[in-house]
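FYI, in the UniProt record's numbering the residues of the sequence shown are 1 to 327. Don't be surprised by glycine CBs; every beta carbon is placed ideally from N, CA and C. All values derive from a computational prediction rather than experimental measurement. Please read the structure below before turning to the comments.
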Amino acid sequence: MIERGMRQTILVAGGAGFVGSHLCEKLLLEGHRVLCLDSLLTGTMANVAPLVGHPDFQFIRQDVSKPFHVAEEITRVYNLACAASPPLYQADPVHTMMTNVVGTEALLRLAAMKGARLLQASTSEVYGDPECHPQDEAYFGHVNCTGVRACYDEGKRAAETLCFDYRRAGRADVRVARIFNTYGPRMRPDDGRIVSNMIVQALAGAEMTVYGDGTQTRSFCFVSDLVEGLVALMEVEPAPETPVNLGNPEEFTINEIARIIHAALPGRSRIVHLDGLEDDPRRRRPDIARARELLGWVPRVMLAEGMPRTIRWFAEEAAPGAAPDRL
Ligand code: NAD
Ligand code: UDP
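The following block contains the structure:
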């Protein structure tokens, strides 16, 4: 048993990605040793460049769906390894499924062997195109198991199953976070997700692409809030009996998001409508009562604050020279 506040050695699988790099940074700041394990499929060394050279940071290039061994003793494992953007996880759907199933099982086995606790980064996608709104953790979901999103949705559902089977068998202390749409600095400019896509399009003066009629909704959590929630869930005692939703319940239509970004970068672009995507969920908003109750966690950065911060980062870091006058 690790005492609260004790220095730990923590493996972050997927640590060079958007969320993972912020998590690695926070864990190092808290004084822990961090092993960042990543295949660099969608993550980049640039994301962890400020951490490389830190005496407590080690990068291990490894695909979790292929055999691997970690010699060092570890006390915590965060499993964030998996492309999260629909175009990127659909680019090699079989690999996405294997990452979630074979990779998660490998990390669970590692956690069991080391006596470490594991947190699985699951997703609101386990609810599919939900018939209930907002979504709470008791909802079983509405997923098309043969659709183009299934490699991710069903992969993540299978990963949750593995986590709870390991837990029931007493093999590992496991926590499952169902993460809703998250945004912020270090999203890949080319990852195709709504926030990154529209900011990049607006900065470039290109057309801002709304898929379908834009009345579908999402709820957006700023990355620093999510990372706080992940650490709180990892460290809470006793382990929650069920998965826990982490997200910001502020809900927006995609048309509203387009207008907000357009208004922040005026005169550079225009909003256009393209065909809708297959199996695109119509509505999504987390019920976070459980996170509030069990973790005392609520998101603090609302879109009105987080979006300008994200736009500024894209303007300065991801698209230098494209900064608009109003920022
Ligand atoms: P990301 O694509 O930026 O990060 C994923 C990281 O995993 C990348 O660094 C990638 O290189 C790595 N990776 C992918 N496959 C791998 C493999 N087989 N072996 C080793 N490394 C591998 O995505 P993100 O937005 O940072 O998401 C992190 C996690 O959170 C993912 O598991 C994702 O499913 C989950 N999640 C994210 C969101 C979101 O809105 N960002 C929402 C729900 C769930
Ligand atoms: N979307 C859009 N234009 C884009 C990218 C995405 O209209 O350039 C829509 C997409 O169809 C979906 C929503 O925005 O309805 C969120 O998409 P994203 O890929 O960010 O996340 P996810 O669908 O996984 O929630």
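Comparing alpha-carbon positions, the option among Ala49, Leu274, Pro243 and Pro67 lying closest to glycine 17 turns out to be Ala49. In terms of side-chain proximity, the C-beta atom of proline 55 is found no nearer than 6 Å to any non-hydrogen atom of ligand 2. Look at asparagine 100: its beta carbon is at least 6 Å from all of the heavy atoms in ligand 2.
Excluding sequence positions up to five before and after tyrosine 89, its CB lies within less than 6 Å of the CB of Ala83, Thr96 and Tyr152, all in the same chain and listed in chain order. Fully contained in the segment 7-31 are the following alpha helix (DSSP H) runs of length 4 or more, in chain order: 18-29. Following the DSSP letters along the chain, one finds arginine 312 in no beta strand (DSSP E) but inside the alpha helix (DSSP H) bounded by residues 303-313.
Close to ligand 2, as judged by a C-beta nearer than 7 Å to any of its heavy atoms, are the residues Ser85, Pro86, Glu125, Asn181, Gly192, Arg193, Ile194, Val195, Asn197, Met198, Thr209, Val210, Tyr211, Gly212, Gly214, Gln216, Arg218, Ile254, Gly276, Leu277, Asp280, Pro281 and Arg284, in chain order. Between leucine 28 and histidine 54, the gap from beta carbon to beta carbon is short of 7 Å. With a threshold of 6 Å, the Cβ atom of isoleucine 60 does not count as near ligand 1, since no heavy atom of the ligand is closer than that. Per DSSP, the beta-bridge partners of glutamate 251 are Ser219.
Boundaries cannot be given for threonine 44, as no beta strand (DSSP E) includes it and DSSP labels it neither H nor E. When the alpha-carbon of valine 227 is set against those of Arg178, Asp213, His142 and Thr146, the nearest one is in Arg178.
When secondary structure is reduced to three states using DSSP, leucine 80 falls in the coil class, being assigned neither helix nor strand. In this structure, ligand 1 has no non-hydrogen atom nearer than 6 Å to the beta-carbon of isoleucine 311. By the CB criterion at 7 Å, serine 219 and glycine 184 fall outside the cutoff.
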